[in-house]
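Whatever position you read off the sequence shown (first residue = 1), add 26 for our numbering. In this text, a Cβ means the ideal position worked out from N, Cα and C, and glycines have one as well. Okay, structure first, notes after.
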Amino acid sequence: MKQQGHFLLMNRSEFRDWLQKQKITRSINKLQVHHTASPNYATRKMKNGVAQQDPFTCLEGMRNYHVYTNKWRATGQNMTIMEDGRVAISLDRDLNQTPAGITNQNHGSICIEIIGNFDKNNDVMTNEQQQSIVHVYACLCEKLSIPVNTSHIVYHAWFTSSGIRLSDYTPGKSSKTCPGTNIWGQGNTVATANKGFIPAIKQELERLKNETVDQPMTANEKKAFEELKEQVASLNRKSIMQDIPDYAQPAIDALSKMKDKNGNPVLNTINGRSKDFYDIITVLFRAGLF
Ligand SMILES: [Zn+2]
27 MKQQGHFLLM
37 NRSEFRDWLQ
47 KQKITRSINK
57 LQVHHTASPN
67 YATRKMKNGV
77 AQQDPFTCLE
87 GMRNYHVYTN
97 KWRATGQNMT
107 IMEDGRVAIS
117 LDRDLNQTPA
127 GITNQNHGSI
137 CIEIIGNFDK
147 NNDVMTNEQQ
157 QSIVHVYACL
167 CEKLSIPVNT
177 SHIVYHAWFT
187 SSGIRLSDYT
197 PGKSSKTCPG
207 TNIWGQGNTV
217 ATANKGFIPA
227 IKQELERLKN
237 ETVDQPMTAN
247 EKKAFEELKE
257 QVASLNRKSI
267 MQDIPDYAQP
277 AIDALSKMKD
287 KNGNPVLNTI
297 NGRSKDFYDI
307 ITVLFRAGLF
């Protein structure tokens, strides 16, 4: 996890924990799906599948455009999913702030931007990015109790430029092609979302639920646990000394002669005690305490 400038960048594996710790103070019931179109895999300078441009340069570039060209008060989106699967949180547009994603549709929404241009004949999404997208939406549905369907997880393309919901992506009526006419290698229609994206989120959500439930020990785990118990017992046995060590003999001799105020011996058991016992009485004896 790395914070720099106006963004917090984390790995997919860090996202769920981070999200669970966030205190959400506004009511959220919709998750928007966008692609950035620009920046994209070309501006990220991909070389053998790895972007050569620093992720923060890309993120701040987007923010600069939103703030200085669009004159918005902050980065438009709440979060961004990079081509390598890392997740960037906009610190100037945290989850408790309404995003600037779809005109008249931002209240109660989270805006998520996917880095890339997923219109036909453009970028081909990396596997890492796809896995992170599915994971991020599943985690948000889990945290915010959002139903996994196309009423609550919405593509930008399903709205007109004034923010009226259409029944589907409709060229000529839709404000944009966003998140791309070839996203998931399928397209941006409601039917393709119901075929690929929505079931993938449901499956991931199911996996997350099973992850948190305490499972009974498997046979292998039980075996490992029994071995561990045996090791601890063996360590305990080893610390017991069957014979009095030579260095402790003078202290034992002295203690053996001592009686308490009722005339009983102060030391009853002299053999089979721990090494710590013999060490301590030796130190006390050498210090002249008895
Ligand atoms: Zn969009």
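- Look at the beta carbons and you see the region 73-93 touching the region 27-34: at least three pairs across the two are nearer than 8 Å.
- Look at the region 45-101 and you find these whole runs of alpha helix (DSSP H), each 4 residues long or longer: 81-90.
- A residue is listed when its beta-carbon falls short of 5 Å from at least one non-hydrogen atom of ligand 1; in chain order these are H60, H182, C204.
- Counting other Cβ atoms within 10 Å of its Cβ, F316 stays below 16 and is therefore classed as exposed.
- Within the region 148-209, the complete alpha helix (DSSP H) segments of 4 residues or longer fall at 153-170, listed in chain order.
- Separation of A77 and A68 (C-alpha to C-alpha, rounded to the nearest whole angstrom) is 9 Å.
- According to DSSP, residue pairing for Q29 in a beta bridge involves L34.
- The Cβ atoms of Q212 and K221 lie closer than 8 Å to each other.
- Taking a 10 Å sphere around the C-beta of H61, we find 16 or more other C-beta atoms and assign the residue as buried.
- With contacts defined as CB atoms closer than 8 Å, M105 and S116 qualify as a contacting pair.
- Selection S187, K301, D80 evaluated against S265 yields K301 as nearest (Cα-Cα).
- When Cβ pairs closer than 8 Å are counted between the two stretches, the region 47-58 is seen to touch the region 136-145, the count reaching three or more.
- In the DSSP assignment, I138 falls within the unbroken beta strand (DSSP E) covering 135-140.
- Taking 8 Å as the cut-off, the beta carbon of F144 is found no closer than this to the beta carbon of P65.
- At least 8 Å separates the beta-carbon of C165 from that of V174.
- Counting only the Cα atoms, T203 lies some 11 Å from D194.
- Judged by pairs of C-beta atoms under 8 Å, the region 246-253 does not touch the region 287-296, as fewer than three such pairs exist.
- Here T308 carries a helix assignment [DSSP, helix/strand/coil].
- When beta bridges are read from the DSSP output, M105 appears opposite I115, I138.
- A Cβ-Cβ separation of about 13 Å leaves T218 out of contact with K146 under the 8 Å criterion.
- As a beta-bridge residue in DSSP terms, P291 pairs with K285.
- Considering only N37, T95, A63, E154, the residue with the shortest C-alpha distance to G75 is E154.
- Rounded to the nearest angstrom, the Cβ distance from R38 to H161 is 6 Å, consistent with a contact under 8 Å.
- Bounds of the alpha helix (DSSP H) holding A250 are 245-265.
- Short of 7 Å from the beta carbon of F311, and not among the five residues preceding or following it, lie these beta carbons of its own chain, in chain order: P276, A277, A280.
- Here S188 is not near N96, since their CB atoms are 8 Å or more apart.
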